[in-house]
Amino acid sequence: MKPDLHQFRRVVLKVGSALLVDRARGRLNHAWLAALAEDIADLHAGGADVLVVSSGAIAMGRTVLGLPSGSLKLEDSQAAAAVGQIALARTWSEVLAHHGITAGQLLVTLSDTEQRRRYLNARATTLKLLEMRAVPVVNENDTVATSEIRYGDNDRLAARVATMIGADLLVLFSDVDGLYTAPPASDPAAEHLPVVERITPAIEAMAGGPASELSRGGMRTKVEAGKIATAGGTHMIIADGRTKNPLKRIAEGGRCTWFLTPSNPATARKTWIAGALEPKGTLYVDEGAAKALQGGASLLPVGVRRIEGAFARGDAVTIRDDQRILGRGLVAYDAHEAARIIGRPSREIEAILGYPGRSEMVHRDDLALTDRSTAPVSLSA
0 MKPDLHQFRR
10 VVLKVGSALL
20 VDRARGRLNH
30 AWLAALAEDI
40 ADLHAGGADV
50 LVVSSGAIAM
60 GRTVLGLPSG
70 SLKLEDSQAA
80 AAVGQIALAR
90 TWSEVLAHHG
100 ITAGQLLVTL
110 SDTEQRRRYL
120 NARATTLKLL
130 EMRAVPVVNE
140 NDTVATSEIR
150 YGDNDRLAAR
160 VATMIGADLL
170 VLFSDVDGLY
180 TAPPASDPAA
190 EHLPVVERIT
200 PAIEAMAGGP
210 ASELSRGGMR
220 TKVEAGKIAT
230 AGGTHMIIAD
240 GRTKNPLKRI
250 AEGGRCTWFL
260 TPSNPATARK
270 TWIAGALEPK
280 GTLYVDEGAA
290 KALQGGASLL
300 PVGVRRIEGA
310 FARGDAVTIR
320 DDQRILGRGL
330 VAYDAHEAAR
340 IIGRPSREIE
350 AILGYPGRSE
360 MVHRDDLALT
370 DRSTAPVSLS
380 A
């Protein structure tokens, strides 16, 4: 059974170049974009957080610079991106402002979601924008990100951004209405798959098809994005975005493919923290902090008695008291900074470090507690 689109509280939309750019004129498809902005405004008015991952900079820039059709050299692609990014950002700002929505631009690459220090910075900025009810427009940084230009990682970038911010739905707009058992253009017997419960090797084998010069991705990268998204607790849709108001069409039961996950973003994130990351150090907390953590609070510097290890900001650390391991978390400070502020109130952090750092040593969203029945362990463990 397909979920209801309006039940989701944090939605990421991936919009590709082939939809944004009118192929014949080499310009932005303003009418289509205005209709999509209506859909975004509808979700936003219903209380949902909305983030857009947008392509189109290279496609726009190549027209402005008079570059020929076909494949571009890397340096030409980067130059086109630098020129096209300005117009792209301005357009998103204008179409969203028409609905009273503030847009914020973020330029990221895959490495920003893979390197933990940069990951934490990108996540914090994005979540703050959502908290302020802005719509972040995330663009792949094609002026410097060579792998994204060469290999078309924009779908996977969208999936990583979705899991980074704990989105419960990712929508990939394409030029087809979902996944088929075979390429529908060449195989009349191809069957549409409305729901994919699990991405198996057989499902992966169904993905394929060449990319156009405007859109570097294909169905294969979309299915790979589905693996990333569903592993992070995010449902995903592949839908035909060529019609106006494509989100409204999905909400009304239009054909698409849902990739479902039994998990949710919060559970998947805590599972990742608890088991997939190797701890780089240990934070020893006092009794009050231990009780606060069990009650769902963040770990503040004042509750940390001592630290061990040479961890960096964003690393996983073990959190424990004198008797037992309490859990793991992603620490907000380097070890040398943490050592200076442990046992001190958060209001003193700026005076000690010289800059207004975060009030939490480990935020509760970056914390995975162990089972409360875990037996005591030796301090030498």
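Residue 0 is where the sequence shown starts when you use numbering that gives the first Met the number 0, and the numbers rise one by one after that.
C-beta atoms are modelled at their ideal positions from N, C-alpha and C, and glycine is treated no differently.
Computed from a prediction, not measured in an experiment: that's the story for all the values here.
Look up residue i in the DSSP assignment and say whether it is helix, strand or coil.
i, result
"N244", "coil"
"K127", "helix"
"E139", "strand"
"K13", "strand"
"S53", "strand"
"H97", "coil"
"R8", "coil"
"P193", "coil"
"Y332", "coil"
"A230", "helix"
"I198", "coil"
"Q114", "coil"
"E359", "coil"
I want to check one thing, is the minimum distance from the CB of residue i to the heavy atoms of the ligand PLP below 8 Å?
i, result
"E139", "Ligands in the displayed structure: none, and consequently the ligand PLP is not present."
In angstroms with no decimal places, state the Cα-to-Cα distance between residue i and residue j.
i, j, result
"I443", "E347", "Outside the shown range of the chain, which is 0 to 380, sits residue 443, and nothing can be said about it."
"G422", "I340", "In the structure as shown, the chain begins at 0 and stops at 380. Residue 422 is therefore absent and cannot be evaluated."
"P182", "T256", "15 Å"
"T369", "P278", "14 Å"
"S345", "N120", "19 Å"
"A58", "I318", "48 Å"
"E139", "E286", "45 Å"
"A47", "A158", "18 Å"
"E212", "K72", "Low confidence applies here, because E212 scores a pLDDT of 38, under 50, leaving its location unreliable and the question unanswered by this model."
"G308", "V10", "38 Å"
"R215", "S70", "Here R215 scores only 42 on pLDDT, less than 50, and its place in the model is too uncertain to base an answer on."
"T385", "I164", "Residue coverage of the chain in this structure runs from 0 to 380, which leaves residue 385 outside it and unanswerable."
"I148", "I324", "In this prediction, I148 scores a pLDDT of 45, lower than 50, which makes its location untrustworthy; no coordinate-derived value is stated."
"E190", "G274", "39 Å"
Measure how close the beta-carbons of residue i and residue j come, nearest whole angstrom, since I'm counting them as under 8 Å.
i, j, result
"P264", "T233", "6 Å"
"L27", "A56", "Going by Cβ atoms, the distance from L27 to A56 rounds to 11 Å, so no, they are not a contact pair."
"P245", "L35", "7 Å"
"D176", "A238", "6 Å"
"L50", "V143", "The Cβ separation is near 22 Å, so there is no contact."
"V14", "S54", "7 Å"
"A315", "D333", "Wrong, their Cβ atoms sit about 14 Å apart, outside the cutoff."
"A40", "H98", "4 Å"
"K221", "I198", "K221 to I198, Cβ: 11 Å. No contact."
Going by DSSP, what residues sit across from residue i in a beta bridge?
i, result
"T256", "I237"
"G326", "I318 and L368"
"L71", "Paired residue(s): none; L71 is not in a bridge."
"Q104", "V136"
"V175", "DSSP, once it has assigned bridges, lists no residue as partnering V175."
Is the number of C-beta pairs between the region 321 to 329 and the region 357 to 366 that are closer than 8 Å three or more? yes
Inspect the CB distances between the region 29 to 44 and the region 185 to 200 and report whether three or more fall short of 8 Å. no
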